[in-house]
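*Asks:* Residue numbers (our numbering): 1004 to 1276.
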């Protein structure tokens, strides 16, 4: 009886990651037997997916699928009553979706382009509002998915002074959100909660030309290379060896020489406790 309980405890899935477009790694709570692959099941919603699991270690299995995995869909790995949604591994995610182009709204007198980076979304809809506090959009337009998880649409006409949000569908759940790259936004004074609206502006007419602060030793903006970083994120990678425990200021300080060698001149830490 106790052996059965021990086996059930080991069967618990503690993590499942999509490693590439045909591979999912699975880690169990404890050691599992060599025939454990017979118990592993993989589902997309209610559809069972054909797969070939093989043992990596006493606690880990790797699953090869007969289909190309779609990062916008939900995949569940199950063993008995234990199940876990497979999340995209950050290395695979970065390889597929790293994007360094422009995002946001781009106004012209005869059209406005909208670009949003939402790689895990299965659908993105642009909501256009006449005024910033309007309850309902006067028009909705579905964006098209492009490379690197970027969504885009071009809306003809002069949209100066109009407002917008996006309705984004991730894993079957749709939420209205403000564009994180909006160049301006509407006032948010309302008695009930609502999604703030991004404002469509003509940047060429928003005010006088602005200059940078005058700091000794910095003649142009490229002279300051600024990183925004979290102590936890910059020390938690198991491939990085530090003497101090990860997630601590001491561990972070051990990485400063490396960061400086990259050419970084300033670091902004947030959040900090």
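Built from N, CA and C at the ideal position, the CB exists for glycine as well.
Treat the numbers as computed from the prediction; the structure is a model and nothing was measured.
What does the alpha-carbon distance come out to for the pair residue 1080 and residue 1046?
*Replies:* So the alpha carbons of these two residues sit roughly 7 Å apart.
*Asks:* So the beta strand (DSSP E) residue 1019 belongs to, where does it begin and stop?
*Replies:* 1016 to 1023 is the span of the beta strand (DSSP E), which, as asked, contains residue 1019.
*Asks:* To the nearest angstrom, how far is the alpha carbon of residue 1122 from that of residue 1154?
*Replies:* Cα to Cα, the separation comes out at about 8 Å.
*Asks:* Is residue 1086 near the ligand ADP, judged by its Cβ being under 7 Å from some heavy atom?
*Replies:* The ligand ADP is not among the ligands present in this structure, which contains no ligands whatsoever.
*Asks:* What is the residue span of the alpha helix (DSSP H) that residue 1099 lies within?
*Replies:* Note, residue 1099: alpha helix (DSSP H), 1093 to 1100.
*Asks:* Touch check for the stretch 1133 to 1145 and the stretch 1075 to 1094: three-plus C-beta pairs under 8 Å?
*Replies:* Touching, no.
*Asks:* Using a 10 Å radius around the Cβ and a threshold of 16 neighbouring Cβ atoms, would you call residue 1056 buried or exposed?
*Replies:* The residue is buried, with at least 16 neighbouring Cβ atoms inside 10 Å.
*Asks:* With a threshold of 7 Å on Cβ separation, who are the neighbours of residue 1075 within its own chain once the five nearest residues in sequence on each side are excluded?
*Replies:* Once the five neighbours on either side are set aside, the close Cβ partners of residue 1075 are 1123, 1124, 1125.
*Asks:* Going by DSSP in three states, residue 1013 sits in which element: helix, strand or coil?
*Replies:* DSSP places residue 1013 in helix when its eight states are reduced to three.
*Asks:* Going by the beta-carbon positions, is the gap between residue 1177 and residue 1170 smaller than 8 Å?
*Replies:* Going by C-beta atoms, residue 1177 is nearer than 8 Å to residue 1170.
*Asks:* I'd like the span of the beta strand (DSSP E) that includes residue 1117, first residue to last.
*Replies:* From DSSP, the beta strand (DSSP E) with residue 1117 extends over 1114 to 1120.
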